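The numbers in the sequence shown follow the working numbering, run straight up by one, and end at 212.
For glycine and all other residues, C-beta sits at the position ideal for the given N, C-alpha and C.
Note that the structure is predicted; figures quoted are calculated from it, not measured.
Remarks on the structure that follows.
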Amino acid sequence: MDRLPPELMLKIVGDSQIDHSDLRRLRLVSKHVTATATSRLFTRIYISKLHSDRDAFLNIAAQPHLAVAVRSVTWLELAEDDTDLPYVANPPVRWLRLPQDQVPSAGVADDLDFLLCRLPRMARALFWLPFEDFSSYFTGTEKRMQAIRSFMPDFFAALDRMPNLREFASRPMHPKRELVQPSGLSTPLYPMTCQIFRQNITQIQTRHG
Numbered sequence: 004m005d006r007l008p009p010e011l012m013l014k015i016v017g018d019s020q021i022d023h024s025d026l027r028r029l030r031l032v033s034k035h036v037t038a039t040a041t042s043r044l045f046t047r048i049y050i051s052k053l054h055s056d057r058d059a060f061l062n063i064a065a066q067p068h069l070a071v072a073v074r075s076v077t078w079l080e081l082a083e084d085d086t087d088l089p090y091v092a093n094p095p096v097r098w099l100r101l102p103q104d105q106v107p108s109a110g111v112a113d114d115l116d117f118l119l120c121r122l123p124r125m126a127r128a129l130f131w132l133p134f135e136d137f138s139s140y141f142t143g144t145e146k147r148m149q150a151i152r153s154f155m156p157d158f159f160a161a162l163d164r165m166p167n168l169r170e171f172a173s174r175p176m177h178p179k180r181e182l183v184q185p186s187g188l189s190t191p192l193y194p195m196t197c198q199i200f201r202q203n204i205t206q207i208q209t210r211h212g
């Protein structure tokens, strides 16, 4: 591949049939491909309220040869309201205290344990930006604002390292995206996808986080 003319290499790497996973492999095949593939891979980068997306964004900014390729930063929206995942902030107490004559089966008990205990921990651990708490608007807003204030210095420092940045954009996160689970909380029986947080589109929602 090192003998291919630059114009042909650019055409190959720019082919729409070559996806990002192919480009990542090409970067490892030849140094001749690296610059062109890197430019295409990192022209548009993403950030969201997910820890994994924020860390990826900061990691790109910290590497000059990647940061210089960035032209656009897109915020991936994850619409939410207090009914999208209602048991994260406020688990129903009445479910925690079943009547004495109602002993749940093993299957029901496991579902309740997941819904009321494991799922909230999994959800909270995924995000650096706290959930909105519509039951306590002031408290919820203050927690979110504090998280944003804490992140802003790192965010602006990262942008300063991207000399060719020209655009900010936002769009909804793909509903079928499977969210990366923190170690120790993941479960193959309950894959957590973006659509879990986007189920009730008729309710009050925010589009910024």
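Less than 9 Å between the C-beta atoms of residue i and residue j, yes or no?
i, j, result
"arginine 74", "threonine 46", "yes"
"threonine 196", "proline 178", "yes"
"aspartate 58", "tyrosine 49", "no"
"phenylalanine 171", "histidine 54", "no"
"histidine 68", "leucine 44", "no"
"glutamate 80", "serine 51", "yes"
Between residue i and residue j, what straight-line distance do the alpha-carbon atoms span, to the nearest angstrom?
i, j, result
"isoleucine 21", "lysine 14", "11 Å"
"arginine 6", "valine 16", "15 Å"
"proline 8", "serine 42", "17 Å"
"arginine 147", "phenylalanine 159", "18 Å"
"serine 173", "tryptophan 78", "4 Å"
"alanine 70", "threonine 39", "14 Å"
"glutamate 145", "alanine 72", "36 Å"
"leucine 31", "arginine 180", "26 Å"
"aspartate 18", "arginine 121", "44 Å"
"serine 153", "isoleucine 63", "20 Å"
"methionine 12", "lysine 34", "12 Å"
"isoleucine 151", "glutamine 198", "24 Å"
"alanine 92", "arginine 124", "Only weak support exists for where alanine 92 lies, its pLDDT of 49 falling under 50; the value from the coordinates is given anyway. Approximately 10 Å, taken between the alpha carbons."
Just tell me which of the options has its CA closest to the CA of residue i.
i, options, result
"leucine 132", "Met165, Gln149, Val71, Leu162", "Gln149"
"alanine 65", "Leu44, Leu26, Thr144, Met165", "Met165"
"arginine 127", "Ser153, Phe154, Ala161, Leu182", "Leu182"
How many whole angstroms separate the CB atoms of residue i and residue j, which I take to be in contact at a CB cut-off of 8 Å?
i, j, result
"aspartate 163", "leucine 61", "Not confirmed; about 13 Å, so no contact."
"valine 36", "leucine 168", "Incorrect: roughly 24 Å between the Cβ atoms, too far for contact."
At least one CB of chain C closer than 9 Å to the CB of residue i: is that the case?
i, result
"glutamate 181", "The chain labelled as chain C is not found in the depicted structure, where only one protein chain is given."
**Q.** Length at least 4, wholly inside the segment 29 to 59: the alpha helix (DSSP H) runs in chain order
**A.** Fully enclosed alpha helix (DSSP H) runs of 4 or longer: 34 to 44.
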